[in-house]
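Before any comments, here is the structure.
2 protein chains.
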Amino acid sequence: MTAVNAVNRRMALRRYPDGMPRPEDFEVLEGSIPDIADGQVLGRAIYLTVDPYIRVHISPSMSVGYAPTTPIGAPIPGEAVLQVVRSRHPDFAEGDFVAGFGGWQDYCSLPGDSLRRLDRSLAPLSAHLGSLGMPGLTAYAGMTKLAEARAGDTVFVSAALGGVGAVAGQLARLQGCRVVGVSSSPEKCVWAVSELGYDACLDRTAPDFAAQVAAACPDGIDVDFENAGGEVFWAAFNSMKAYGRLIVCGLISGYNLDAPPPGPDMTPHLLRYVAMKRLVMKGLMVADYWDLRPRFLEEVGGMIRDGRFRSKEYVVEGLENAGQALIDMMHGRNFGKTVVRIADDPGSSPP
Amino acid sequence: MTAVNAVNRRMALRRYPDGMPRPEDFEVLEGSIPDIADGQVLGRAIYLTVDPYIRVHISPSMSVGYAPTTPIGAPIPGEAVLQVVRSRHPDFAEGDFVAGFGGWQDYCSLPGDSLRRLDRSLAPLSAHLGSLGMPGLTAYAGMTKLAEARAGDTVFVSAALGGVGAVAGQLARLQGCRVVGVSSSPEKCVWAVSELGYDACLDRTAPDFAAQVAAACPDGIDVDFENAGGEVFWAAFNSMKAYGRLIVCGLISGYNLDAPPPGPDMTPHLLRYVAMKRLVMKGLMVADYWDLRPRFLEEVGGMIRDGRFRSKEYVVEGLENAGQALIDMMHGRNFGKTVVRIADDPGSSPP
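The listed protein sequences derive, respectively, from chains A and B. Going left to right, the first sequence walks through residues 0 to 350 as numbering that gives the first Met the number 0 numbers them. Going left to right, the second sequence walks through residues 0 to 350 as numbering that gives the first Met the number 0 numbers them.
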């Protein structure tokens, strides 16, 4: 039997963040290794995910049905890449690599039926939390089911290198679209163009950012794949072409708001232009699209394996740094999809 | 040949309204009867339309491609019911009843190809500017092409008795939906229920209006047919069910805003709920749906003729009162779809 530590560390909330999370909102707690019941497996986490939606789960004011608020002291929720160390489920054996909603902790017990087995031949394990994980599937669902993008369309991706955005942008490029991305530094923008194939990528910290968006989309935007909100959203919205589609997937700029920001109130402007330009705005949640996963893994996984599609993770080392990794991501200090490595990948060294 | 007056009166802008239009923003001017070229007809107006979208056309700050700003001194634009008094188009003869974009004036010259012939057997002439006109077609397009309403759905109609709303509400009822309307007085609400078949109709001037909306839609709203904006919009939005559709057709509450209203800014809230509830928001402009007109007239026209569908116009007498009629409509003082009668209907008295 695989050795299991005596202690299960978890990264928990010490208190609910007030606005932008701070390091002291988080703390590492220790507990015992969970038992497993029939049908469950015990997993040891190798990689944890750090995604913008986690901010929603740690805010009581933002809780809605789909996202119950994380209790103080409980592990921060999120998907993890796990290795099975005990199994009471017939489909899984010790040593298997899976992904499941284990949260930010060393060990978790999960129903085997909730796990997905990882195909290590496609990409490194970390990619299964990014381009081949929930963020990638989110982008795939948005681009294939909601965006209605046609070759030649201008597609705007508001977080060009993010877990979702990098996949959305590359899918749009492969559909023959002109793809304009946004990131938070000149270096990342250069990388988005040279490595991900964006036609243009704009630095949202530039003083003339909105004018740059208008200039980069001279014929307007057909599809806005929205993960930002705030000023980035408005720059795109004001350049939308008639009949354009806005895929509202994430709003990282709004996740630290516990109350609506000061005015003026721009909703009348928004609604007026939705009507006049016949825009279509569609909310996207990946939970509606689990059935797309096999096709997604075949298509995107195949392209990653063959080198035709880039997956870039920004790997932070150590469970104790997961809170800071979330903060850094919300400031745009990451370079790619953030994951936290909390244990060695036993398969990463040659046998 | 039909007699033609010596003078063509028009209701024009004296100046652009600042916020809510005032009577002194309008004036009646006189000019000559227009000539007609080959392919055109000269029409004498019997009924003029008064619709919320006219407010957009008389505001320089709101002009977008589809709605060029009306010049000072020019007739206010809008559809009219006309009788042909001269024709140089092979399809039209003197005496024919047509509708066309003649604007607020006694006489207009229009290309025959832009006119639609009116079927007087379906309904009184005035209805061809309402339930059988552009507003009715707008509602028909929204309910048949965008709303995706299924029997049992709750449909919310924010202007229950309006030119668009009365048709949307009745179509929704005929589709087996539960229909909740909004109007601006208890009397109108009673009428909407008893005559238009709304399941409930709420008075937007009630102090507890938002709570009434929530109570009248205990399972949430599947379709919001939006013609109001402002507080009525938010009452509906906050009751939207997951996967609900918002048809953004009109925003009468916002048409008098020359600048965004004071905050807080509710767009982050709006975008967050669009994502989390997977809402779909769709802009609607009738100009995209002229091809639906034959089917619309057959279906809705047939039901009006047979008494299964109600059309209610609020008839204001006299061109000189058209400006006030627009103001009254924006205050909700009308009772049904507003039209202005500026000449006798020669067919209205028995022969």
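We treat Cβ as the ideally placed atom computed from N, Cα and C, and that holds for glycine. Since this is a predicted model, take the numbers as computed values, not measurements.
The shortest CA-to-CA distance from V192/A to any of P260/A, A159/A, T204/A is the one to A159/A. Straight-line measurement puts the Cα of N320/B at about 22 Å from the Cα of T68/B. For D50/B, the three-state secondary structure derived from DSSP is coil. N7/B sits buried, since 16 or more C-beta atoms from the chains shown fall within 10 Å of its C-beta.
Relative to W233/B, the option among V163/B, G322/B, D257/B, V273/B whose CA is nearest is V273/B.
With its beta carbon at least 8 Å from every one in chain B, A213/A lies outside the interface. The C-beta of L201/A comes no closer than 8 Å to any C-beta of chain B.
Taken through DSSP and simplified to helix, strand or coil, E194/B comes out as helix. For V166/A, same chain residues with a beta-carbon under 6 Å away, outside a window of 5 residues either side, are S130, G135, A138 in chain order. Under DSSP, M10/B forms a beta bridge with V27/B. Judged by DSSP in its simplified three-state form, A79/B adopts strand. In chain order, A258, P259, P260, P261, G262, D264 make up the part of chain A whose C-beta sits under 8 Å from the C-beta of P263/B. By the 16-neighbour rule on beta-carbons within 10 angstroms, R149/A is exposed.
The stretch 103-123 of chain B makes contact with the stretch 28-38 of chain B: 3 or more CB pairs, one atom from each, lie closer than 8 Å.
As DSSP reads the structure, T137/B sits in no beta bridge. A126/B is not a Cβ neighbour of I326/B, given a cutoff of 8 Å.
Rounded to the nearest whole angstrom, the CA to CA distance from D305/B to M133/B is 21 Å. Of all residues in the stretch 272-296 of chain A, only V273, A274, M275, K276, R277, L278, V279, M280, K281, G282, L283, M284, D287 come within less than 7 Å of chain B when Cβ atoms are compared, listed by chain position. Every unbroken stretch of the alpha helix (DSSP H) spanning 4 or more residues and falling wholly within the stretch 283-334 of chain A is given here in chain order: 292-295, 301-304, 321-329. Looking only at I57/B, I45/B, I53/B, K144/B, the smallest Cα-Cα distance to D105/B is reached by I45/B. Following the DSSP letters along the chain, one finds V97/B inside the beta strand (DSSP E) bounded by residues 96-99. Counting along the chain, the unbroken beta strand (DSSP E) around M239/A starts and ends at 239-247.
In this structure, the straight-line span from the alpha carbon of A324/A to that of T337/A is close to 7 Å. Contact note: G228/A reaches chain B through P267, L270, using a C-beta cutoff of 7 Å and chain order. Between I75/B and M10/B, the gap from beta carbon to beta carbon is short of 8 Å. Here T153/B has R177, C216, I220, D221 as same chain residues with Cβ atoms under 6 Å from its own Cβ, once five neighbours each way along the sequence are excluded.
For Q174/B, the secondary structure class from DSSP, reduced to helix, strand or coil, is coil. DSSP, read as helix, strand or coil, puts K281/B in strand. When Cβ-Cβ separations below 8 Å define contact, V231/B makes no contact with chain A.
Against chain B, the beta carbon of V247/A has neighbours under 7 Å at L270, V273, A274, listed in chain order.
Around the beta carbon of S31/A, fewer than 16 other beta carbons lie within 10 angstroms, which makes this residue exposed.
Straight across, the Cα-Cα distance linking Y197/B with F334/A is about 55 Å. Three or more beta-carbon pairs drawn from the stretch 268-283 of chain A and the stretch 263-283 of chain B are found closer than 8 Å, and the two stretches are therefore classed as touching. Residues of chain A with a Cβ closer than 7 Å to the Cβ of L136/B do not exist; the shortest Cβ-Cβ separation is about 15 Å.
Under the three-state reduction of DSSP output, I251/B falls in the helix class.
Sixteen is the threshold: since fewer than 16 other Cβ atoms of the shown chains lie within 10 Å of the Cβ of Y242/A, the residue is exposed.
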